[in-house]
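In the working numbering, the protein residues as written are 387 to 988.
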């Protein structure tokens with residue numbers, strides 16, 4: 387058996403859907419959308435007369451010329467901003483002459499403009515804290531989106547726009563009849579330092595997570611338990627063949643290997659840089675590391691020797707812009723080509739502006755309430771069921787998420803085996819039923835505290851839920867905590883009700899069904915124990931027939947709904963905003979930004 391790290395893994399917190407969206411408070415009236423008013427522009431503001439718009443553009447371009455003349459911008463930056471203001475490439479020579487600079491050749495501005503367009507500038511809400519894939523999962527939203535599938539790649543990956551798996555560094559794999567061993571066949575590929583991707587390199591990457599005595603087992607490794615809990619042995623059979631042997635025939639291995647933490651990095655770089663590897667990330671993906679200014683920008687350049695073909699975009703600058711409003715304004719002014727996270731309230735306006743596009747896709751996340759049975763009156767099933775009937779999920783969808791949200795059914799999110807829309811009907815919004823259950827439990831007029839995080843949409847959503855629960859007779863107070871204190875409190879089982887979400891670590895339902903509802907974890911956070919649910923989930927881990935496996939998860943979901951320790955509120959979507967000419971951009975199902983196929987047009 388392989389020696390194991392004791393560090394558990396579970397991704398909750400800052401990478402969550404909407405967790406960086408601005409909290410806008412409860413609104414008694416809805417702000418008019420752009421499409422509802424022909425006199426409003428794409429920002430929702432009333433448009434000034436055409437003459438005033440022209441004067442405004444002239445003023446902005448004039449200020450830009452003065453700033454360039456004063457040395458505040460490079461020529462490349464000057465061109466990018468001018469193009470963003472709507473200046474055509476043909477007008478660039480005149481602007482340079484205004485600034486006192488003449489290009490050496492008549493074709494220079496057009497060529498320079500084309501070169502500028504081959505650089506993608508993307509705004510991210512959080513900077514990179516550690517681009518080592520085995521550590522990044524616990525670090526934050528920016529890490530996952532910027533690094534995974536762009537610098538690093540695993541041996542398998544998600545097929546474009548789906549949760550289905552396809553080859554990546556492995557071209558194919560064979561599964562033994564008993565389901566205990568997986569044999570992977572690697573493609574010819576190289577790391578960014580020129581060394582080959584071999585089975586021995588993959589073996590080292592996996593074993594550095596499993597064995598805490600491995601010299602490259604750094605503090606902060608997070609996902610060992612999720613990925614390798616059933617693995618007993620890893621063998622490099624030859625340079626291009628890797629075999630992984632399990633203690634039980636778990637079907638979760640393949641989707642777990644598509645997790646961002648399983649990106650394969652260069653052993654040569656690990657040996658060379660040791661604990662400083664994070665400052666020299668060296669993967670095998672379509673983009674390679676150029677430079678990193680912490681908290682400011684992370685820059686990558688095209689990998690000319692990428693096995694999948696050189697990317698079209700030469701350079702990508704991931705610029706840290708924490709504020710959603712500032713990030714969107716920089717997209718509108720041309721400073722950014724892309725913002726990786728749109729505030730939910732801004733999605734309709736961006737979608738309605740022909741200069742831009744909204745990019746979204748399957749995103750695996752479940753928002754929920756934890757109802758802690760350790761804390762009265764939540765030890766009574768009738769009270770927990772009353773809360774289920776009381777929450778108006780459609781109102782959350784409309785008010786907080788502007789429609790970018792699917793109303794909750796069971797714990798498993800849409801797109802995964804085990805999701806069933808009909809589970810929405812188990813607890814329809816029925817305040818009268820909720821009041822009757824409270825009376826039956828003798829729990830009317832009881833004080834309860836609802837715990838939530840203080841950033842993003844959480845305060846507003848908590849207020850909506852508070853109003854719903856107070857409408858049925860509960861006295862609900864809100865307690866907002868910053869993220870670290872929030873998780874400290876729920877992990878210590880000190881909460882009554884907690885509002886949170888679970889973004890899937892893998893593309894497999896086991897990640898939420900076992901990780902959240904197994905007795906070991908559920909007892910701590912919800913005071914919940916159901917041995918039959920435990921058995922259904924562990925049986926599903928080894929069930930190879932998809933239909934039978936789905937039925938196991940559906941049965942477990944129905945039991946969880948009946949016991950009511952967990953209110954499934956809904957499934958938030960993730961949306962990015964980009965210039966209309968940015969094509970081929972994808973949102974991965976785990977929230978990562980996939981740019982290997984991006985092309986930049988006019």
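All residues carry an ideal CB built from backbone N, CA and C; glycine is no exception.
Check whether residue i and residue j have beta carbons under 7 Å apart
i, j, result
"residue 585", "residue 628", "yes"
"residue 750", "residue 890", "yes"
"residue 537", "residue 669", "yes"
"residue 948", "residue 919", "no"
"residue 610", "residue 596", "yes"
"residue 859", "residue 828", "no"
"residue 754", "residue 954", "yes"
"residue 896", "residue 638", "yes"
"residue 804", "residue 939", "yes"
"residue 816", "residue 775", "yes"
"residue 893", "residue 641", "yes"
"residue 682", "residue 706", "yes"
"residue 514", "residue 684", "yes"
"residue 973", "residue 747", "yes"
"residue 620", "residue 589", "yes"
"residue 555", "residue 583", "yes"
"residue 801", "residue 956", "no"
"residue 653", "residue 565", "no"
"residue 467", "residue 720", "yes"
"residue 885", "residue 848", "yes"
"residue 908", "residue 914", "yes"
"residue 756", "residue 912", "yes"
"residue 935", "residue 929", "yes"
Burial state of residue i (16 or more Cβ within 10 Å)
i, result
"residue 601", "exposed"
"residue 525", "Residue confidence is low: residue 525 scores 46 on pLDDT, short of 50, so the model does not pin down where it sits. Its coordinate-derived value is still stated next. Per the 10 Å Cβ criterion, buried."
"residue 563", "exposed"
"residue 676", "exposed"
"residue 898", "buried"
"residue 548", "exposed"
"residue 982", "buried"
"residue 836", "buried"
"residue 976", "buried"
"residue 623", "exposed"
"residue 660", "exposed"
"residue 906", "exposed"
"residue 987", "exposed"
"residue 690", "exposed"
"residue 783", "buried"
"residue 449", "exposed"
"residue 916", "buried"
"residue 931", "exposed"
"residue 696", "exposed"
"residue 580", "exposed"
Candidates the options, of which the one nearest residue i by Cα
i, options, result
"residue 881", "893, 900, 890 and 839", "839"
"residue 864", "650, 679 and 845", "845"
"residue 534", "640, 931, 650 and 461", "650"
"residue 850", "778, 902, 561 and 875", "778"
"residue 539", "800, 912 and 643", "643"
"residue 698", "973, 978 and 969", "969"
"residue 770", "923, 825 and 718", "825"
"residue 456", "486, 589, 473 and 480", "486"
"residue 960", "875, 752, 702 and 452", "752"
"residue 887", "853, 952 and 821", "952"
"residue 694", "672, 655 and 516", "672"
"residue 833", "599, 852 and 848", "852"
"residue 483", "571, 454 and 504", "454"
"residue 656", "902, 814, 737 and 577", "577"
"residue 768", "742, 819, 904 and 735", "819"
"residue 375", "687, 674, 704 and 658", "A query on residue 375 cannot be resolved here, the shown segment of the chain reaching from 387 to 988 and no further."
"residue 711", "736, 958 and 741", "736"
Contact test: residue i Cβ vs the ligand FAD heavy atom, cutoff 6 Å
i, result
"residue 759", "Annotation note on the ligand FAD: not contained in the displayed structure, which lists no ligands."
Proximity test, Cβ basis, 7 Å: residue i and chain B
i, result
"residue 567", "Any reference to chain B falls outside this structure, which holds one protein chain only."
Does the segment 721-735 come close enough to the segment 783-790 that 3 or more CB-CB pairs lie under 8 Å?
yes
The segment 716-726 in contact with the segment 507-521 per 3-pair CB rule at 8 Å
yes
For the segment 871-887 against the segment 754-765, are there 3 or more C-beta pairs whose distance is under 8 Å?
yes
So within the segment 828-863, which uninterrupted alpha helix (DSSP H) runs reach at least 4 residues, ignoring any that extend past its ends?
844-857
Would you mind listing the alpha helix (DSSP H) stretches within the segment 899-950 that are 4+ residues and don't spill past its ends, in chain order?
905-912, 917-928 and 932-949
What ranges does the alpha helix (DSSP H) occupy inside the segment 501-578, keeping only unbroken runs of at least 4 residues that lie completely in it?
519-522 and 527-533
Start-end ranges of the alpha helix (DSSP H) lying completely within the segment 652-689, minimum 4 residues
653-659
Any chance you could list the beta strand (DSSP E) runs of at least 3 consecutive residues sitting entirely within the segment 610-656, in chain order?
617-624 and 627-632
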